[in-house]
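2 protein chains.
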Amino acid sequence: VFCGIVAGAPAHRVLDEGPILAFLDTSPLFPGHVLVVPKTHVPTLVDLPDALTAPLFTAVRRIARALEACGAGGSFVATNTRVSQSVPHLHVHVVPRTRGDGLRGFFWPRVRYESGQAEAWAQAIRHELFVDPQPPD
Amino acid sequence: VFCGIVAGAPAHRVLDEGPILAFLDTSPLFPGHVLVVPKTHVPTLVDLPDALTAPLFTAVRRIARALEACGAGGSFVATNTRVSQSVPHLHVHVVPRTRGDGLRGFFWPRVRYESGQAEAWAQAIRHELFVDPQPPD
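The listed protein sequences derive, respectively, from chains A and B.
Read in order, the letters of the first sequence are residues 1 to 137 in this note's numbering.
Read in order, the letters of the second sequence are residues 1001 to 1137 in this note's numbering.
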């Protein structure tokens, strides 16, 4: 569906520059909710080529700023990879926010790490990143 | 608090490269929940300098990939600007996801645009961006 919009299907476009397209979500969380996509078919954030990272997120930042200029008190920027990802074409949501708008945001329940569990997670992630910026004590 | 971590306060660091630092959220949505921050004090996404955009979001992408390598089915990447922003230092959440994990994600109620309202929003945003990629019919 997003490749169709890139190819010219109807949409309320807000930005079309180089490799990036942005348009209104047709079913917004709040009016002004924008989706920002690379024009080439990139399935998920994990697949995003380095060359598109700056253009995509520069567009996201500019749109977040534009929404504030349109009167929003702030914004919520998010992207789902695989789980909860409704369309298999990378899209970043930029949603205008207003205090008291009812979006629960990050007020989901949080969990606690048991002893040693946090460092075990950190070590596993560092291992996958092939870096180890925090040597063991 | 994040400037303190940049300066050396205890944290479970997962990545420390150039201008970017990433560490575990101490109160995660799910274990493995990472926060990615620029080391310099950037209050919000809207304030992010161009020179930090690629490093910050390249780190986010690499961490999302590492979480999948650690067994996650996907990830949720998000940042709050001003509204719901708990710490006034830009931080991007990278949260490991598993199908059926209970995170409601984007299943918040959606709204509908009334006739003409979507194009009015798109025009207002385009005006603020100083671009008009979609001339009126």
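Where is the CB? At the ideal position from N, CA and C, for every residue including glycine.
Using 8 angstroms for Cβ pairs, my map puts residue i next to residue j. What's the rounded Cβ distance?
i               : j               : result
S1075 (chain B) : A1059 (chain B) : So it is not a contact: roughly 13 angstroms between Cβ atoms.
T1081 (chain B) : F57 (chain A)   : In fact, because the Cβ distance is near 13 angstroms, the residues do not count as touching under 8 angstroms.
Per DSSP, what kind of secondary structure is residue i in: helix, strand or coil?
i               : result
D1101 (chain B) : coil
G1032 (chain B) : coil
R1062 (chain B) : helix
V6 (chain A)    : helix
V42 (chain A)   : coil
T1026 (chain B) : coil
P1136 (chain B) : At P1136 (chain B), the pLDDT of 44 sits below 50, so the modelled position is not reliable and the matter cannot be decided from this model.
Using a Cβ cut-off of 8 angstroms, pull out every chain B residue sitting near residue i, in sequence order please.
i              : result
H169 (chain A) : Only positions 1 to 137 of chain A appear in the structure, and residue 169 (chain A) is not among them; the question remains open.
I63 (chain A)  : I1125, L1129
T98 (chain A)  : V1083
So with CB distances below 9 angstroms, who are the chain B contacts of residue i?
i             : result
V70 (chain A) : According to the sequence shown, residue 70 (chain A) is Cys rather than Val. Ordered by position in chain B, the residues that pass the 9 angstroms Cβ test against C70 (chain A) are W1121, A1124, I1125, H1127, E1128.
L35 (chain A) : In chain order: nothing, as chain B lies at least about 11 angstroms away.
Going by CA-CA distance only, name the one from the options that's closest to residue i.
i               : options                            : result
L1021 (chain B) : B:C1003, B:G1102, B:P1031          : B:C1003
P31 (chain A)   : B:F1023, B:F1130, B:Q1123          : B:Q1123
A120 (chain A)  : B:A1009, B:V1006, B:R1013, B:I1005 : B:R1013
P1096 (chain B) : B:N1080, B:F1057, B:A1072          : B:A1072
T1109 (chain B) : A:S115, A:G102, A:S84              : It should be pointed out that residue 1109 (chain B) corresponds to Pro in this sequence rather than to Thr. Here the closest residue by C-alpha is A:G102.
Report the neighbours of residue i on chain A: residues whose CB is nearer than 8 angstroms to its CB, in chain order.
i               : result
G1018 (chain B) : Simply none; closest approach about 11 angstroms.
Run down chain B in chain order and give the residues with a C-beta less than 7 angstroms from the C-beta of residue i.
i              : result
S27 (chain A)  : R1110
F57 (chain A)  : T1053, F1057
S115 (chain A) : Neighbours of S115 (chain A) on chain B: none; closest Cβ ~13 angstroms, over 7 angstroms.
F30 (chain A)  : V1111
Since residue i sits in a beta bridge, which residues does DSSP pair it with?
i               : result
R74 (chain A)   : It is worth fixing the name first, because residue 74 (chain A) is Gly in this sequence and not Arg. G74 (chain A) is bridged to A:R97.
D1016 (chain B) : B:L1021
V37 (chain A)   : A:L21
V83 (chain A)   : V83 (chain A) pairs with nothing; no bridge assigned.
V1 (chain A)    : None; V1 (chain A) has no bridge partner.
Using a Cβ cut-off of 7 angstroms, pull out every chain A residue sitting near residue i, in sequence order please.
i               : result
S1075 (chain B) : T81
V1046 (chain B) : R61, A64, R65, E68
Any heavy atom of the ligand ADP closer than 8 angstroms to the Cβ of residue i?
i               : result
F1002 (chain B) : Because no ligand of any kind appears in the structure shown, any question about the ligand ADP cannot be addressed here.
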